[in-house]
Amino acid sequence: GQQVMQIPQYQHVQEGEDFTTYCNSSTTLSNIQWYKQRPGGHPVFLIQLVKSGEVKKQKRLTFQFGEAKKNSSLHITATQTTDVGTYFCAVTYGGATNKLIFGTGTLLAVQP
Amino acid sequence: NAGVMQNPRHLVRRRGQEARLRCSPMKGHSHVYWYRQLPEEGLKFMVYLQKENIIDESGMPKERFSAEFPKEGPSILRIQQVVRGDSAAYFCASSPSGGAIKNIQYFGAGTRLSVL
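The listed protein sequences correspond, in order, to chains A and B.
So for the first sequence, the working numbering puts the first residue at 181; every next one is plus one.
So for the second sequence, the working numbering puts the first residue at 158; every next one is plus one.
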């Protein structure tokens with residue numbers, strides 16, 4: 181079946197350190213999205229990547245889509261306590277359905 | 158603009174009872190999706206609906222679960238004869254139709270279902 185692996189499962193950093201989470205698919209993706217979920221909250225859309233090799237930035241967050249469109253990364257520079265939460269990648273494989281297949285998520289803990 | 162509205166936020170049911178979860182999509186959105194999140198796990202797709210049509214129910218359990226999105230009113234996820242394993246957060250998402258942005262889904266706050 182369609183699977184999206186995400187690593188690491190958990191990351192604990194000191195405030196100010198950088199953080200990266202990686203998402204990998206065994207098949208080519210039509211696009212990839214990233215969501216953030218705070219503890220007890222709901223997924224919040226961050227960004228969508230569509231083009232091969234695409235790089236997008238949102239303040240301290242940098243998103244990359246691999247050249248082969250099979251992997252992606254989210255990098256946070258100089259983490260803050262407000263960055264705490266679980267980061268999910270989510271993919272669609274095209275076709276008639278727009279269903280999202282979510283990665284396993286990376287839980288980020290930031291120690292002040 | 159109101160976001161995706163889900164109610165109730167919390168629902169407690171005893172084993173064997175029925176649970177009805179409601180979702181009103183964002184204004185202008187005609188696509189609705191339901192996802193389930195078990196404790197300490199990721200989100201799993203359940204069903205994708207457009208007005209009056211089920212487009213993809215590949216993630217829906219074959220028994221006890223049903224979903225609808227009528228012409229008027231919210232989308233309903235119905236779980237009959239709930240069991241303890243149904244305890245989870247159920248999220249609804251909506252998206253606009255057409256164009257490059259059609260894949261972007263906006264999530265509601267979820268319904269936390271607890272089965273006693």
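All C-beta atoms in this analysis are idealised placements derived from N, C-alpha and C, irrespective of residue type, glycine included.
If you're wondering where the values come from, they're calculated on a predicted model, not measured in any experiment.
N- and C-terminal bounds of the beta strand (DSSP E) containing residue i
i      : result
T257/A : Neither: T257/A is in no beta strand (DSSP E) and is coded neither H nor E.
R193/B : H188 to Q194
Y190/A : Y190 to Q194
M162/B : M162 to N164
L234/B : S232 to I236
E225/B : F222 to E225
D213/B : N210 to D213
A176/B : A176 to S181
S252/B : A245 to S252
K216/A : N211 to Q217
Straight-line gap, residue i to residue j (C-alpha atoms, nearest Å)
i      : j      : result
A276/B : P182/B : What the structure shows of chain B is the stretch from 158 to 273, and residue 276/B is not part of that stretch, so it cannot be assessed.
R193/B : M203/B : 7 Å
K231/A : V169/B : 44 Å
V224/A : L178/B : 20 Å
T268/B : Q191/A : 28 Å
I211/B : F282/A : 21 Å
L226/A : Y215/A : 5 Å
Y202/A : Q189/A : 10 Å
L270/B : H255/A : 34 Å
Y263/B : E220/B : 28 Å
G160/B : H186/B : 10 Å
K235/A : T242/A : According to the sequence shown, residue 235/A is Val rather than Lys. Going by the C-alpha atoms only, they are around 7 Å apart.
E198/B : A245/B : 10 Å
Q228/A : P253/B : 15 Å
T272/A : P227/B : 25 Å
N251/A : Q174/B : 43 Å
T259/A : Y247/B : 30 Å
G246/A : P218/B : 34 Å
Y190/B : G216/B : 11 Å
V239/A : S232/B : In the sequence as presented, Val is not what sits at residue 239/A; that position holds Lys. Near 36 Å, if we compare the C-alpha coordinates of S232/B and K239/A.
Q183/A : H222/A : 22 Å
C-beta contact flag for residue i and residue j at 8 Å
i      : j      : result
L280/A : A289/A : no
S253/A : T286/A : no
Q291/A : Q194/A : yes
T284/A : K249/A : no
V272/B : R172/B : yes
G265/B : C249/B : yes
Q217/A : I261/B : no
V239/B : A176/B : yes
Q163/B : C180/B : yes
T198/A : T257/A : The displayed chain sequence assigns Asp, not Thr, to residue 198/A. Yes, they are a contact pair.
Buried or exposed by the 16-neighbour rule on C-beta atoms within 10 Å, applied to residue i
i      : result
N278/A : buried
L234/B : buried
S205/A : buried
S251/B : buried
E214/B : buried
T266/A : buried
Q244/A : buried
D263/A : buried
S210/A : exposed
D243/B : buried
G220/A : exposed
G233/A : exposed
L200/B : buried
Any non-hydrogen atom of the ligand FAD closer than 7 Å to residue i Cβ
i      : result
T200/A : The ligand FAD is absent from the structure shown, which contains no ligands of any kind.
Where the stretch 187-219 of chain A meets chain B: residues whose CB sits under 9 Å from a CB there: S210, N211, Q213, Y215 and Q217
Interfacial residues, the stretch 177-202 of chain B to chain A, with Cβ spacing under 8 Å: H188, Y190, Y192, G199, L200, K201 and F202
Chain A contacts made by the stretch 198-232 of chain B, where a contact means CB separation under 8 Å: G199, L200, K201, F202, Y205, I212, D213, S215 and G216
Near-chain B residues of the stretch 222-239 of chain A - C-beta to any C-beta below 8 Å: Residues passing the 8 Å Cβ filter: H222, P223, V224, F225, Q228 and V230.
Interface positions of the stretch 256-270 of chain A facing chain B (Cβ-Cβ less than 9 Å), listed along the chain: T266, F268 and A270
Contact list for the stretch 275-288 of chain A against chain B, Cβ threshold 8 Å: A276, T277, N278, K279, L280, I281, F282, G283, T284 and G285
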